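Quick notes on the structure that follows.
Number of protein chains: 2
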Amino acid sequence: MATKQTIDFYFDLTSPYSYVAAEQIEAIAQAGNRTVNYKPTLLGFVFKSTGNSAPMMNPAKGKYSIKDFPRTARFYGLELNWPKQFPINATVASRAILKLKATQPEKVGDFVRALYRAYFVTGGDITSEEGVKAVADAMGLDGAALAAANNDEAIKEQMKAAVQESIDIGMFGAPYCVVDGEAFWGQDRLDQLRKWVVEGPF
Amino acid sequence: MATKQTIDFYFDLTSPYSYVAAEQIEAIAQAGNRTVNYKPTLLGFVFKSTGNSAPMMNPAKGKYSIKDFPRTARFYGLELNWPKQFPINATVASRAILKLKATQPEKVGDFVRALYRAYFVTGGDITSEEGVKAVADAMGLDGAALAAANNDEAIKEQMKAAVQESIDIGMFGAPYCVVDGEAFWGQDRLDQLRKWVVEGPF
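Structure follows, in structure tokens:
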């Protein structure tokens with residue numbers, strides 16, 4: 001293949017394991033001489049379409065997960081403070097991400113991480129236009145323009161297509177990475193993803 | 001606490017990720033100055049009780065998992081050849097393990113791994129008394145006695161209690177490790193388990 005393959009990073013901003021993965025994915029891409037294509041999706045639709053469900057939906061798994069989310073974050077040196085509201089509908093923020101991809105693609109990774117930190121670390125609101133604007137403004141982006149993407153018909157259609165794409169490529173949970181056609185589901189498959197991009201297929 | 005804590009390793013012989021974990025757990029225990037308490041259980045009952053389900057039960061997750069099982073094995077330098085029959089009912093082999101725990105506890109880990117290799121590497125049958133006897137005999141154990149545990153009323157009761165215990169302690173999938181009261185679900189949490197037993201709680 002002539003062009004350098006990206007790592008397609010499918011995520012939902014409400015996913016704690018995707019937060020942990022988002023903090024690691026750039027270093028992995030760099031080690032493997034790849035770039036990251038940040039692909040926001042909405043797990044509600046993914047779960048509905050695939051029949052899969054979130055860990056928190058099962059009582060026994062939920063009881064475990066509520067301890068495992070922050071422990072996994074700590075394991076990687078990250079903070080995770082359980083949000084007041086969980087899960088959230090990340091549509092507003094996801095549309096803002098799509099808007100930024102079209103205007104300042106080089107800023108997208110940092111914006112995604114800023115949104116995750118607002119939600120999972122500092123207790124911010126990323127479900128409203130005001131909340132998304134605040135996160136964007138704080139990092140020097142045009143928050144008003146990004147928040148306004150929430151009411152942009154073209155962006156709305158792009159978001160629908162993004163969700164459908166995530167389902168079509170086989171996603172059933174988050175994060176879900178695809179590189180060279182190979183899928184890696186879960187933050188806990190990043191070690192395998194790293195080996196893949198650094199050493200090659202195995 | 002005065003006595004050295006064990007790592008309680010709950011597993012089902014039909015679980016591919018438990019096979020991979022069984023190949024790693026002794027080194028982790030040794031690094032943390034612990035011993036492993038091998039605790040066979042039966043996921044069918046665990047899933048029924050908790051409402052959780054096997055990865056292969058969901059079409060999208062199953063399609064991914066059938067590739068992820070052997071890739072994960074390869075990642076750790078292990079072979080995994082997809083069995084002709086999957087899943088299996090591991091009752092006969094699990095009762096043999098309980099019998100061996102009572103008679104030659106120091107052999108249990110190797111017997112568990114021999115059963116896993118028979119099932120996931122060399123295509124052996126571990127669902128029948130004959131199959132379990134063959135695996136045991138091949139490693140110099142009294143295969144006939146271990147296979148006969150399948151019809152031992154006391155062992156049958158122990159197996160029921162073992163399954164109930166796995167449910168009671170919160171298990172919802174395999175492998176499920178408990179150390180110092182802390183639970184680690186999945187082969188992909190062994191890194192966290194290692195950190196826990198080597199460096200302490202985090």
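Top to bottom, those sequences are chains A and B.
With the UniProt record's numbering, letter number 137 in the first sequence gets 137, and the count goes up by one each step, no holes.
With the UniProt record's numbering, letter number 56 in the second sequence gets 56, and the count goes up by one each step, no holes.
C-beta: ideal position from N, C-alpha, C; glycine also.
Computed from a prediction, not measured in an experiment: that's the story for all the values here.
What residues from chain B crowd round residue i, counting only those whose CB sits closer than 9 Å?
i, result
"Gly131(A)", "By Cβ distance, chain B contributes nothing, its closest Cβ being about 31 Å from Gly131(A), past 9 Å."
"Gly143(A)", "Here the premise fails: no neighbours, minimum Cβ distance about 36 Å."
"Thr41(A)", "Those do not exist, as Thr41(A) stays about 14 Å from chain B at its closest Cβ, beyond 9 Å."
Taking the Cβ atom as the reference point for each residue, do residue i and residue j lie within a distance shorter than 8 Å?
i, j, result
"Asp137(B)", "Gly143(B)", "yes"
"Val36(A)", "Glu23(A)", "no"
"Ala114(B)", "Val132(B)", "no"
"Gly109(B)", "Ala118(B)", "no"
"Ala90(A)", "Leu13(A)", "yes"
"Gly170(B)", "Tyr64(A)", "yes"
"Val178(A)", "Ile28(A)", "no"
"Phe202(B)", "Arg189(A)", "no"
For a contact defined as C-beta to C-beta under 8 Å, what are the partners of residue i on chain B?
i, result
"Phe45(A)", "Simply none; closest approach about 13 Å."
"Trp82(A)", "Here the premise fails: no neighbours, minimum Cβ distance about 17 Å."
"Lys195(A)", "Phe75"
"Asp188(A)", "Gly186, Asp188, Arg189"
As a quick exercise: from the options, pick the residue whose alpha carbon is nearest that of residue i.
i, options, result
"Gly200(B)", "Asp8(B), Ala31(B), Tyr10(B)", "Ala31(B)"
"Lys61(B)", "Phe47(A), Asn81(A), Ala148(A), Ile28(A)", "Phe47(A)"
"Val191(A)", "Gly44(B), Leu13(B), Tyr76(B)", "Note that residue 191(A) is Asp in the sequence shown, not Val. The candidate whose alpha carbon is nearest that of Asp191(A) is Tyr76(B)."
"Gly140(B)", "Gln104(B), Val92(B), Arg95(B)", "Gln104(B)"
"Ala154(B)", "Ala96(B), Ser49(B), Ala174(B), Ser15(B)", "Ala96(B)"
"Lys195(B)", "Ser15(B), Tyr10(B), Arg34(B), Lys107(B)", "Arg34(B)"
"Leu43(B)", "Phe172(B), Lys101(B), Ala147(B), Phe120(B)", "Phe172(B)"
"Gln164(A)", "Asp8(A), Ser15(A), Thr41(A)", "Thr41(A)"
"Lys160(B)", "Arg189(B), Trp185(B), Ser94(B)", "Ser94(B)"
"Lys39(A)", "Ala162(A), Phe69(A), Lys107(A), Ile167(A)", "Ala162(A)"
"Pro70(A)", "Gln85(A), Ile167(A), Val121(A)", "Val121(A)"
Given this structure, state the Cα-to-Cα distance separating residue i from residue j, to the nearest angstrom.
i, j, result
"Asn58(A)", "Pro87(A)", "14 Å"
"Ala145(B)", "Lys99(B)", "9 Å"
"Ala149(B)", "Ala54(B)", "28 Å"
"Val20(B)", "Ile66(A)", "25 Å"
"Phe45(A)", "Thr127(A)", "17 Å"
"Tyr17(B)", "Glu79(B)", "12 Å"
"Thr6(B)", "Gln187(A)", "28 Å"
"Thr50(A)", "Tyr10(A)", "15 Å"
"Lys157(B)", "Asn52(A)", "According to the sequence as given, residue 157(B) is Glu; it is not Lys. When rounded, the distance between both Cα atoms is 35 Å."
"Gly181(B)", "Asp8(B)", "10 Å"
"Val112(A)", "Ala102(B)", "55 Å"
"Asn81(B)", "Thr72(B)", "12 Å"
"Ser166(B)", "Glu130(A)", "47 Å"
"Ala147(A)", "Ala183(A)", "31 Å"
Which chain A residues are close to residue i, counting only those with a beta carbon under 8 Å from its beta carbon?
i, result
"Gln192(B)", "Arg71, Thr72, Phe75"
"Ala134(B)", "Simply none; closest approach about 32 Å."
"Phe202(B)", "Arg71, Arg74, Phe75"
"Ala54(B)", "Per Cβ cutoff of 8 Å: no residues; Ala54(B) is ~12 Å from chain A at best."
Taking residue i as the query, report the chain A residues whose CB atoms sit under 9 Å from its CB, ordered along the chain.
i, result
"Thr170(B)", "The amino acid at residue 170(B) is misidentified as Thr; the sequence shows Gly. Here the neighbours are Ala60, Lys63, Tyr64."
"Ala21(B)", "Under the 9 Å cutoff, chain A gives no residues; its nearest Cβ is about 13 Å from Ala21(B)."
I'd like the span of the alpha helix (DSSP H) that includes residue i, first residue to last.
i, result
"Asp8(A)", "Asp8(A) -> not in any alpha helix (DSSP H); beta strand (DSSP E) instead, spanning 7-11."
"residue 267(B)", "Residue 267(B) lies beyond the range of chain B shown here (1 to 202); nothing can be said about it."
"Glu129(B)", "129-138"
"Glu153(B)", "153-168"
Between which two residues does the beta strand (DSSP E) carrying residue i extend?
i, result
"Pro40(B)", "36-40"
"Trp196(A)", "It is not in any beta strand (DSSP E) - Trp196(A) instead sits in the alpha helix (DSSP H) that spans 190-199."
"Ala54(B)", "Per DSSP, Ala54(B) belongs to no beta strand (DSSP E) and is neither H nor E."
Can you pull the chain A neighbours of residue i, defined as C-beta to C-beta under 7 Å?
i, result
"Gly124(B)", "Within chain A, no residue comes near Gly124(B); the closest Cβ sits about 26 Å away, beyond 7 Å."
"Gly140(B)", "Correct list: empty, because the minimum Cβ distance to chain A is about 35 Å."
"Gly32(B)", "Ordered by position in chain A, no residue passes the 7 Å Cβ test against Gly32(B), which lies about 15 Å from the chain."
"Ala183(B)", "Tyr64"
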